[in-house]
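Number of protein chains: 2
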Amino acid sequence: MTRKFNFCAGPAALPTAVLERARDEMLDYQGRGLSVMEMSHRSDEFVAIASKAEADLRALLDIPANYRVLFMQGGASTQFAGVPLNLLGAGGAANYLYTGIWGKKAIKEAEHLAVGSHVAASSESNGLIAVPRQNAIQLSGDAGYLHYTANETIGGLEFDYIPEVPADVPLVCDMSSSILSGPLDVSRFGVIYAGAQKNIGPAGLTLVIVREDLLDRARKDCPTMLNWKTAAEADSMFNTPPTYAWYLSGLVFEWLKDEVGGLAAMNAINDRKAQALYAAIDGNDFYSNPIVIENRSRMNVPFVLADDRLDAAFLAESEAAGLLNLAGHRSVGGMRASLYNAVPEAAVTALVDFMGDFARRHG
Amino acid sequence: MTRKFNFCAGPAALPTAVLERARDEMLDYQGRGLSVMEMSHRSDEFVAIASKAEADLRALLDIPANYRVLFMQGGASTQFAGVPLNLLGAGGAANYLYTGIWGKKAIKEAEHLAVGSHVAASSESNGLIAVPRQNAIQLSGDAGYLHYTANETIGGLEFDYIPEVPADVPLVCDMSSSILSGPLDVSRFGVIYAGAQKNIGPAGLTLVIVREDLLDRARKDCPTMLNWKTAAEADSMFNTPPTYAWYLSGLVFEWLKDEVGGLAAMNAINDRKAQALYAAIDGNDFYSNPIVIENRSRMNVPFVLADDRLDAAFLAESEAAGLLNLAGHRSVGGMRASLYNAVPEAAVTALVDFMGDFARRHG
Numbered sequence: 029m030t031r032k033f034n035f036c037a038g039p040a041a042l043p044t045a046v047l048e049r050a051r052d053e054m055l056d057y058q059g060r061g062l063s064v065m066e067m068s069h070r071s072d073e074f075v076a077i078a079s080k081a082e083a084d085l086r087a088l089l090d091i092p093a094n095y096r097v098l099f100m101q102g103g104a105s106t107q108f109a110g111v112p113l114n115l116l117g118a119g120g121a122a123n124y125l126y127t128g129i130w131g132k133k134a135i136k137e138a139e140h141l142a143v144g145s146h147v148a149a150s151s152e153s154n155g156l157i158a159v160p161r162q163n164a165i166q167l168s169g170d171a172g173y174l175h176y177t178a179n180e181t182i183g184g185l186e187f188d189y190i191p192e193v194p195a196d197v198p199l200v201c202d203m204s205s206s207i208l209s210g211p212l213d214v215s216r217f218g219v220i221y222a223g224a225q226k227n228i229g230p231a232g233l234t235l236v237i238v239r240e241d242l243l244d245r246a247r248k249d250c251p252t253m254l255n256w257k258t259a260a261e262a263d264s265m266f267n268t269p270p271t272y273a274w275y276l277s278g279l280v281f282e283w284l285k286d287e288v289g290g291l292a293a294m295n296a297i298n299d300r301k302a303q304a305l306y307a308a309i310d311g312n313d314f315y316s317n318p319i320v321i322e323n324r325s326r327m328n329v330p331f332v333l334a335d336d337r338l339d340a341a342f343l344a345e346s347e348a349a350g351l352l353n354l355a356g357h358r359s360v361g362g363m364r365a366s367l368y369n370a371v372p373e374a375a376v377t378a379l380v381d382f383m384g385d386f387a388r389r390h391g
Numbered sequence: 029m030t031r032k033f034n035f036c037a038g039p040a041a042l043p044t045a046v047l048e049r050a051r052d053e054m055l056d057y058q059g060r061g062l063s064v065m066e067m068s069h070r071s072d073e074f075v076a077i078a079s080k081a082e083a084d085l086r087a088l089l090d091i092p093a094n095y096r097v098l099f100m101q102g103g104a105s106t107q108f109a110g111v112p113l114n115l116l117g118a119g120g121a122a123n124y125l126y127t128g129i130w131g132k133k134a135i136k137e138a139e140h141l142a143v144g145s146h147v148a149a150s151s152e153s154n155g156l157i158a159v160p161r162q163n164a165i166q167l168s169g170d171a172g173y174l175h176y177t178a179n180e181t182i183g184g185l186e187f188d189y190i191p192e193v194p195a196d197v198p199l200v201c202d203m204s205s206s207i208l209s210g211p212l213d214v215s216r217f218g219v220i221y222a223g224a225q226k227n228i229g230p231a232g233l234t235l236v237i238v239r240e241d242l243l244d245r246a247r248k249d250c251p252t253m254l255n256w257k258t259a260a261e262a263d264s265m266f267n268t269p270p271t272y273a274w275y276l277s278g279l280v281f282e283w284l285k286d287e288v289g290g291l292a293a294m295n296a297i298n299d300r301k302a303q304a305l306y307a308a309i310d311g312n313d314f315y316s317n318p319i320v321i322e323n324r325s326r327m328n329v330p331f332v333l334a335d336d337r338l339d340a341a342f343l344a345e346s347e348a349a350g351l352l353n354l355a356g357h358r359s360v361g362g363m364r365a366s367l368y369n370a371v372p373e374a375a376v377t378a379l380v381d382f383m384g385d386f387a388r389r390h391g
């Protein structure tokens with residue numbers, strides 16, 4: 029068995045230590061004679077697993093007591109509908125910051141659901157290479173919330189600040205590709221949601237962190253399974269939750285706490301990884317990244333080769349060197365290296381070395 | 029490591045051979061250097077896994093070419109909303125057969141979504157111990173579909189026939205706890221759906237099998253992620269699907285095909301298991317099951333002790349004997365043994381022996 033370095037944008041690399049533990053417990057969880065996947069979600073064993081996962085997540089992010097943590101399904105794309113359905117029962121317009129493809133999808137879903145929507149600020153005019161600054165944000169008068177995408181996974185564009193909003197306008201954030209990459213002041217948000225398959229665990233689990241006072245705002249036509257209050261009242265077990273994904277996410281939270289040493293330590297590692305890769309890009313005319321320095325994503329680093337006729341060779345040679353999944357998103361092409369928490373510094377070192385070598389051989 | 033006999037109603041037992049293979053492939057799938065859970069859903073490797081799973085399922089159930097197979101999320105409870113949202117865009121009333129708790133939940137969700145709903149036949153008058161016969165089914169004049177629950181997991185009540193419907197009324201079936209238990213004539217149905225966590229794979233995946241001509245009936249307010257046509261057009265990859273659950277379900281389908289020998293063979297095994305357990309219940313005054321013979325579920329066998337003061341002893345002693353999860357659903361109490369495909373005949377033999385022994389010692 030050889031583990032290669034995996035730069036996939038999602039489903040993404042998981043910590044080897046987590047996979048080893050899952051492997052060892054696969055057929056028999058701690059002597060109980062069955063797999064976690066075969067347990068009733070209401071059994072004492074599974075409820076303990078689920079509760080510890082939530083407690084560890086709360087400890088990592090220092091989540092205030094007046095926030096509920098929901099373990100849901102359907103990915104961020106389902107929450108694109110869940111957000112307006114849960115927050116606009118009393119009317120109000122959905123307000124969005126537009127900084128890339130994922131934010132656009134959220135806006136389109138609000139429009140599909142015939143919610144009044146308003147783009148409060150956009151990066152379109154700068155070509156999606158810089159996020160709007162605070163003074164450019166213009167909420168509509170009837171704003172029911174302000175939604176933004178903390179990190180655009182495809183564009184590689186990340187907010188370097190948390191937008192300020194009036195006290196009566198909840199700030200809603202799609203944090204799918206940046207949650208847990210460093211410390212976070214959860215109290216600044218009304219709602220945070222994230223698909224699991226980047227920094228949390230396997231695809232099929234979606235975290236929603238919601239301030240309790242926002243649980244009473246759902247539209248009447250919100251399907252029961254999308255309703256956050258229903259999920260909160262049932263401790264995320266209104267129906268059978270994705271138990272194995274929940275368990276694996278718990279193992280990741282435990283790894284972050286006990287092995288990495290928490291989110292401040294993770295943050296420092298992520299800074300070093302991103303700095304090393306951007307330095308390799310900026311230091312060689314062979315490579316480039318278009319994003320303004322302060323909004324460069326730490327998690328997703330897109331870059332292009334000066335000569336795109338070398339793209340195929342770059343991908344083939346990097347894969348042969350054990351560096352997997354470096355192709356850019358199918359909608360944009362080029363290259364992308366995702367540097368999520370589970371991607372070790374050694375992977376970035378290997379990538380930087382490869383890039384230098386490739387440039388020398390082909391430059 | 030000791031694997032015990034697990035009679036859980038769901039998440040349920042999985043074949044040991046499937047878990048062994050998942051364990052062996054956990055850190056390195058077939059020499060690729062990464063786990064299935066770390067692969068892009070759009071990678072060649074994962075698309076091959078996903079396609080094989082669908083092909084094996086199609087072969088097992090002999091699914092006609094004009095049906096689409098969707099790998100979705102959210103469980104059957106999400107499809108309780110999905111069914112009216114996808115089928116009643118042109119109006120029409122949601123028609124239901126009511127035979128137990130799960131059917132009731134489906135009816136409630138249709139009412140919640142302000143769909144006109146009609147109970148076309150009910151088992152309420154017989155105390156939920158027999159399903160309505162064909163001649164009792166009275167559709168409303170504007171029926172948009174007829175929905176029923178093939179097997180009520182909690183009550184242990186299973187249809188022994190497929191209801192007849194007029195050609196223009198699609199038959200919709202929640203088959204969560206009986207799909208793949210034996211051969212099925214899919215062509216009789218408009219839509220079949222099932223949560224995975226009984227006979228398919230781990231919780232977090234939901235199968236929808238839908239006749240293609242029904243993909244154009246969605247209500248405008250159907251959230252994109254609940255829309256079957258959207259899922260069909262994207263080959264169930266409109267967003268990131270639950271890849272690991274999909275892979276594991278594929279391993280279960282492969283096991284059913286290659287190890288068990290297909291659904292006719294599985295059917296015979298399931299017949300033997302159910303007959304053995306019902307014989308043990310009927311042959312001893314110590315135990316009883318209330319369901320009429322022809323509607324007794326093969327998958328979920330609820331039974332009560334003549335003296336319910338012995339319930340706690342029965343559960344403690346059976347667990348000590350390595351027979352797990354025999355408590356009835358929290359809403360009804362008593363006992364329940366679920367005999368899904370992955371529960372081996374040896375488990376039923378051990379349970380029957382235990383029941384005889386327990387009755388002798390406590391009778």
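The listed protein sequences derive, respectively, from chains A and B.
The opening position of the first sequence corresponds to residue 29 in my numbering, with each subsequent residue numbered one higher.
The opening position of the second sequence corresponds to residue 29 in my numbering, with each subsequent residue numbered one higher.
Every residue, glycine too, gets a C-beta built ideally from N, C-alpha and C.
Run the CB neighbour count on residue i, radius 10 Å, all protein chains shown included, and call it buried at 16 or more, exposed below.
i              : result
residue 30(B)  : exposed
residue 360(A) : exposed
residue 194(B) : exposed
residue 159(B) : buried
residue 289(B) : exposed
residue 151(A) : buried
residue 92(A)  : exposed
residue 82(B)  : buried
residue 189(A) : exposed
residue 364(A) : buried
residue 292(A) : exposed
residue 154(A) : exposed
Between residue i and chain B, is any beta-carbon pair separated by less than 8 Å?
i              : result
residue 266(A) : yes
residue 80(A)  : no
residue 249(A) : yes
residue 227(A) : no
residue 231(A) : yes
residue 175(A) : no
residue 137(A) : yes
residue 42(A)  : yes
residue 273(A) : yes
residue 67(A)  : yes
For residue i, decide whether its Cβ has a neighbour in chain A, counting only Cβ atoms nearer than 8 Å.
i              : result
residue 141(B) : yes
residue 168(B) : no
residue 367(B) : no
residue 34(B)  : yes
residue 287(B) : no
residue 291(B) : no
residue 48(B)  : yes
residue 30(B)  : yes
Got a sec, what are the start and stop residues for the alpha helix (DSSP H) residue i sits in?
i              : result
residue 389(B) : 373-390
residue 276(A) : 271-282
residue 108(A) : 103-115
residue 30(B)  : Segment: none, residue 30(B) is in no alpha helix (DSSP H) and carries neither H nor E.
residue 295(A) : 291-310
residue 96(A)  : Careful: residue 96(A) lies outside any alpha helix (DSSP H), inside the beta strand (DSSP E) at 95-100.
residue 86(B)  : 72-89
residue 135(A) : 129-140
Checking the sheet assignment: what are the DSSP bridge partners for residue i?
i              : result
residue 57(B)  : Note: residue 57(B) sits in no beta bridge, so no partner.
residue 212(A) : Paired residue(s): none; residue 212(A) is not in a bridge.
residue 186(B) : 179(B)
residue 368(A) : In the DSSP output, where bridge partners are listed per residue, residue 368(A) has none listed.
Kindly indicate the opening and closing residues of the beta strand (DSSP E) around residue i.
i              : result
residue 258(B) : Not the beta strand (DSSP E): residue 258(B) falls in the alpha helix (DSSP H), residues 256-261.
residue 125(A) : 121-126
Scan the stretch 105-116 of chain A for residues whose Cβ lies nearer than 7 Å to a Cβ of chain B and list them as they occur along the chain. Listed in chain order, the positions of the stretch 105-116 of chain A with a beta carbon within less than 7 Å of a beta carbon of chain B are 105, 106 and 109.
Could you list the residues in the stretch 201-220 of chain B with a C-beta less than 7 Å from some C-beta on chain A, going in chain order? The residues in question: there are none.
Cβ-based contacts, 7 Å cut-off: residues of the stretch 51-65 of chain B near chain A: Against chain A - using a Cβ distance shorter than 7 Å - the residues of the stretch 51-65 of chain B are 51, 54, 55, 56, 61, 62, 63 and 65.
Residues in the stretch 341-361 of chain A having any Cβ partner in chain B nearer than 8 Å: Listed by position, the residues of the stretch 341-361 of chain A near chain B (Cβ gap below 8 Å) are 350, 352, 353 and 358.
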